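Asker:
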Amino acid sequence: MFESVLIANRGEIAVRIARTLTDLGIHSIGVYSDADQDARHVGAVDRAVRIGPASATESYLNIDAVVAAAVRTGAQAVHPGYGFLAENADFARACAAAGLVFIGPSPAAIELMGDKIRAKHAVVAAGVGVVPGRSEAGLSDQDLIDAVREIGLPVLLKPSAGGGGKGMRRVTTIEGIADTVRAARREARAAFGDDTLLVERYIERPRHLEVQVLADQHGTVLALGERECSLQRRHQKIIEEAPSPLLDSDARADFLADAVAVAKACAYVGAGTVEFITDIEGRGRSFLEMNTRLQVEHPVTELVSGVDLVEWQLRVAAGQRLPADLGSTGPGGHAVEARVYAEDPDRGFLPTGGRILDLVEPAGPGVRVDSGLQSGAEIGGDYDPMLAKVIAWGPDRATALRRLDGALSRTALLGVTTNVAFLRALLSRDEVRTGLLDTGLVERVVDELVEPRPPEAVLVAAALERQLAAEPSGNVVDPWDIPDGWRMGESSARRRWIGPIGGDQVEVTVQGLASAARIRIDGGPSIPAAARFEHGELVVAYDGTVQRYRHARTGEVCWLGSAGRTWALVERTPLAEAGQDTSVADPIVRSPMPGTVLSVAVAEGEEVRPNQPLLIVEAMKMEHTVLAPVAGQVRDLRARPGAQVAVDEALAVVVTAAEPTDPVSTSAAG
Ligand code: ADP
C-alpha cells in the first residue's frame, strides 16, 4: 500500500478522499489555489501545497504544477477525484512519467471512453446496446443535418468530448437547424476545446441508470450495484439513489452484466461508472457513456454496499486483488443523495456566490454529509457551484427519503443562496415518493417547486431582527431612550419596507419593543409578535407559532434561515417614495450572474428593441443571453468580451428617446 498520496482536487471530494487516507494511515497531501488557502480541504490533509492562482486553468487544471507538487512532497500516488484532471489522459501519462501512480484507469481507457463516438463503437462491438443515431468522427454540419432528417425528430446533439451534461441540445424542429448546429459547436468548443458532435434519437421521458464497477489489475471486474440518477436539471443530476426503485433482480442482473462487459471492453482498472438510459418503464437499456473516475454520487453505493470505494481505488492501484464477494455482505437498504448547489432556483438556477456567514450541517442516524464548506469561506465563480452533498441511508426507501428531507431541513447556509429548499420541495413530490422518475420530471414541475416570495412570517422576522438590533441590549428602563423611533402611540410606530433583493417590498409596521410588538402588514390588522435572540438564533412568536431562524447580516442584507430555506432580505425606501416611477422598467442592463462576457452583439449608440439580445454572459459552461430591458439607445456599454463580471453589475444602459437620462449617474447605482 502507499505511504503517501496527493489529492489533486478541492472541495468536498478532496475532503472525502482525505478521510479515507487518514483512516488507512496514509499521509495525505493536498493542493490549493490562492482562492483556497483557507479552504476546508486544506485543513483536512496532513500537508498542503500551493499550486497557483485562483483561476482553475492555472491551478487545479495545471498538470505541470500538480505533478511538481506531488514530486516535491514525495507522494507515491495521485488521486484526481472527479472533474478537473480526473479524466485527462495527458495527466495520467504525466504522472507515470514522473514516477507517480495515477489512481485510475490507463490513459488508453480514459481516451477511449472520453470520446463518445469511439466509446459507442467499442461498446457495440462488445454486444451492448446504444441509442440509435449517427456517430462518426468529423461529421460536417450538413452530415449532422442529414442525420437529423434520417433519425427523425426529436434528436439530441452531443459534444463527443462532452461531460456533465454540458453542451447538449435537444432539437425539436428542423427550422433553424443550421443555427442550432453552429451554436452547439461553439458551446462544445468553448467547453471542451473540441467541436466534434454526434446526434442521437432523443428518448422521451428517459430514466438514467448507472452501474458502479471496480476492476483490479488481475482481470477481476465487479459490479457493485446500480444507482438511479433520473432527477436531473439541464441534464445534470441533482438527486441520486441506490438501488433504483425500478429494477427487479432479473433486470438488475442484465444491467450489471452489460456494465461488466463494457469495463472489460476497455481493459478497465479502478473504479468507474457505466451509464445507461432507458424508457420510463426501464425498457430499451442503452449504453450512454462510461465515466472513468469516482463519481459525485458514489456515496449512495458506499452506504448500501458497505464498500469504501476510495479505499478500493487505492488498493487496486497498489496492485491488490479484489475479493470476489466484495460488497455482497453490505448493509443493503436504500440510500439517497441530494446535491447542494450555489445557485438560485428563483432566478432560473443561475450560479450565486458570496461569503458563508453561518453554516449548520446536519448529522443523525443514517445521515452522511460530504462537504467542502466552512463558515467564512468565499464562494466565487472560479469553481463548480456544487458545494456539498447530503446523503441519507435507511433500511427501506421511504425511511431514507424521510431522513434525507429531515437532514436538509436541519441544513443552514447563510450568505450564499443555495438550492436546499428546492431539493426539499422536490423530495416532497408524489412522483419522487413513488419512484416514478424520469430525467424531464424536474423541468416539468419546476415552477411548482420554487417559492416566488418569502412568506409573511419571514418578513415579520426580518423587521423584528432590525428592531432587536436597534434596541439597546440589557434591561430597558426608559422606552424613550430607544433610538429607533419607538413611541407609545400607533402614529409613531416604525414602518419598514422589507422584501427579497430585487423583489417586491412589503410594508411591515412594528409598534412597541421587539419582545412585545404589534405588527401590521401592508396596513392589515394588528397582530401581536415577539422576538428575541437566543443561542445565536432569532426566535419569533407570530400568528400562533414560534419559529427559530438562523440569522446573519452583511451590510443591508439580512439573511434568515429556517427548515432548510434561506432568505436574503433588504429593507428599502420604496421607489414611489423616492420619487421614481415604478411602472418604468429598469433601463440598466445588469449581469444576471457572476461570469465572463462571451460576446457583445450591439455597439455603443445602437438602437435596440425590447428583449433584443445584447450580450452573452457565460458561467460554468452555461450561456445566458442578456436582453434589452426597454427600447432605446445602448449607452455606456461597459461589457467587453472576456471581461469578468459580478452578479447585478451594470453592463450598459438603454436610454429611451423620450427620456434622455445621464447614463453615468444612472448606472452609478450598479
Ligand atoms: P454527459 O457526458 O454530458 O454527462 P451523457 O451522454 O452522459 O452526457 O448524458 C447526460 C444526460 O443527458 C442523461 O442522463 C440523460 O438525462 C440525457 N440524455 C443523454 N442522451 C439522451 C438521449 N439520447 N435522449 C434523451 N436524453 C438523453
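Residue numbers (the UniProt record's numbering): 1 to 670. Glycine included, each C-beta is placed from N, C-alpha and C at the ideal position. Values in this document were obtained by computation on a predicted structure and should not be read as measured data.
#1: Rounded to the nearest angstrom, what separates Ile519 and Gly555 at their Cα positions?
#2: From the DSSP output, in three-state form, read off Gln313 for me.
#3: For the alpha helix (DSSP H) that Arg444 lies in, which residues bound it at each end?
#4: I need the DSSP call for Ala14, collapsed to helix, strand or coil.
#5: Is Met290 near Val262, with beta carbons less than 7 Å apart?
#6: Between the beta-carbon of Val450 and the beta-carbon of Pro362, is there less than 7 Å?
#7: Whole-angstrom Cβ separation of Gly74 and Ser4, contact assumed at under 8 Å?
#8: Following the continuous beta strand (DSSP E) through Val390, name the residue where it begins and the one where it ends.
#9: Given Pro132, which residues of its chain have a CB within under 6 Å of its CB, disregarding the five upstream and five downstream residues?
#10: Compare the Cα-Cα distances from Glu228 to each of Asp325, Gln217, Pro299 and report the closest residue.
#11: Classify Asp504 as buried or exposed, calling it buried when 16 or more other Cβ atoms lie within 10 Å of its own Cβ.
#12: Per DSSP, Pro613 is paired with what?
#13: Assign Asp23 to one of two classes, buried (16 or more other C-beta atoms within 10 Å of its C-beta) or exposed (fewer than that).
#14: Any chance the CB of residue 707 is under 6 Å from a heavy atom of the ligand ADP?
#15: For Ile203, verify whether its CB is less than 6 Å away from any heavy atom of the ligand ADP.
#16: Count the C-beta pairs between the region 372-392 and the region 45-56 that are closer than 8 Å, then say yes if the count reaches three, no if not.
#17: Starting from the C-beta of Ala109, find all residues in its chain whose C-beta is less than 7 Å away, skip the five residues before and the five after it, and write them out in chain order.
#18: Label Ala398 either buried or exposed according to how many other C-beta atoms from any shown protein chain fall within 10 Å of its C-beta, with 16 as the threshold for buried.
#19: Can the beta-carbon of Trp567 be found less than 7 Å from the beta-carbon of Leu414?
#20: On the DSSP bridge assignment, give the partners of residue 673 in chain order.
#21: Give the straight-line distance between the Cα atoms of Arg572 and Val458, rounded to the nearest whole angstrom.
#22: In this structure, how does DSSP classify Val647 when only helix, strand and coil are distinguished?
#23: Phe102 and Ala89 - do their beta-carbons sit closer together than 7 Å?
#24: For Glu281, verify whether its CB is less than 6 Å away from any heavy atom of the ligand ADP.
#25: Is Gly164 near the ligand ADP, judged by its Cβ being under 6 Å from some heavy atom?
#26: Less than 7 Å between CB atoms is the rule here; does Val634 satisfy it with respect to chain D?
#27: Measuring only the C-alpha atoms, how far is Val638 from Thr625?
#28: For Lys237, I'd like the list of residues in its chain whose CB is within less than 6 Å of its CB, leaving aside the five on either flank, ordered along the chain.
#29: If you draw a straight line from the C-alpha of Ala318 to the C-alpha of Met1, how long is it?
#30: Quickly, what does DSSP pair Tyr202 with across the bridge? List them, please.
#31: Can you list, in chain order, the stretches of the beta strand (DSSP E) that have 3 or more residues and sit fully within the region 245-321?
#32: Can you tell which of Gly167, Ser526, Asp216, Ala98 has the C-alpha that lies nearest to the C-alpha of Pro323?
#33: Got a sec: does the ligand ADP put a non-hydrogen atom nearer than 6 Å to the Cβ of His79?
#34: Around the Cβ of Val645, are there at least 16 other Cβ atoms within 10 angstroms (buried) or fewer (exposed)?
#35: Please indicate yes or no: does the CB of Pro132 lie closer than 6 Å to some heavy atom of the ligand ADP?
Answerer: In brief:
#1: So the alpha carbons of these two residues sit roughly 24 Å apart.
#2: In the structure shown, the three-state DSSP call for Gln313 is helix.
#3: 441-449 is the span of the alpha helix (DSSP H), which, as asked, contains Arg444.
#4: Ala14 falls in the helix class under three-state DSSP.
#5: Yes. Within cutoff.
#6: The answer is no: Cβ separation not under 7 Å.
#7: Contact between Gly74 and Ser4 holds: their C-beta atoms lie close to 6 Å from each other, under 8 Å.
#8: Counting along the chain, the beta strand (DSSP E) containing Val390 begins and ends at 386-394.
#9: Same-chain partners within the cutoff: Arg201.
#10: Ranking Asp325, Gln217, Pro299 by Cα distance to Glu228 puts Pro299 first.
#11: Asp504 is exposed by the Cβ-count criterion.
#12: Within the DSSP bridge table, the entry for Pro613 names Leu627 as partners.
#13: Classification of Asp23: exposed, given that the 10 Å Cβ count is below 16.
#14: Only positions 1 to 670 of the chain appear in this structure, which leaves residue 707 out of reach.
#15: It does: the Cβ of Ile203 is within 6 Å (strictly closer) of some heavy atom of the ligand ADP.
#16: They touch, by the three-pair rule.
#17: Cys266, Ala267, Tyr268, Thr292, listed in sequence order.
#18: Ala398 counts as exposed, since fewer than 16 other C-beta atoms from the protein chains shown sit within 10 angstroms of its C-beta.
#19: 7 Å or more divides the Cβ of Trp567 from the Cβ of Leu414.
#20: This structure cannot speak to residue 673, because the chain is shown only from 1 to 670.
#21: Rounded to the nearest angstrom, the two C-alpha atoms are 16 Å apart.
#22: In the structure shown, Val647 sits in coil (DSSP, three-state: anything other than H, G, I, E or B).
#23: Cβ distance not < 7 Å, so Ala89 and Phe102 don't count as in contact.
#24: Glu281: no, Cβ never under 6 Å from the ligand ADP.
#25: Using a cutoff of 6 Å, the CB of Gly164 counts as near the ligand ADP, since one of the ligand's heavy atoms is closer than that.
#26: Although the question refers to chain D, the structure presented lacks it and comprises just one protein chain.
#27: At residue 638 the sequence reads Arg, which differs from the Val that was named. So the two alpha carbons sit approximately 16 Å from each other.
#28: Around Lys237: Cys229.
#29: Roughly 6 Å between the two C-alpha positions.
#30: According to DSSP, residue pairing for Tyr202 in a beta bridge does not occur.
#31: With a minimum length of 3 residues, the unbroken runs of beta strand (DSSP E) contained wholly in the region 245-321 fall at 270-278, 286-291.
#32: Residue Asp216 holds the alpha-carbon nearest to the alpha-carbon of Pro323 among Gly167, Ser526, Asp216, Ala98.
#33: False, no ligand heavy atom lies under 6 Å from that Cβ.
#34: So Val645 ends up on the buried side.
#35: Flag unset: Cβ of Pro132 not near the ligand ADP.
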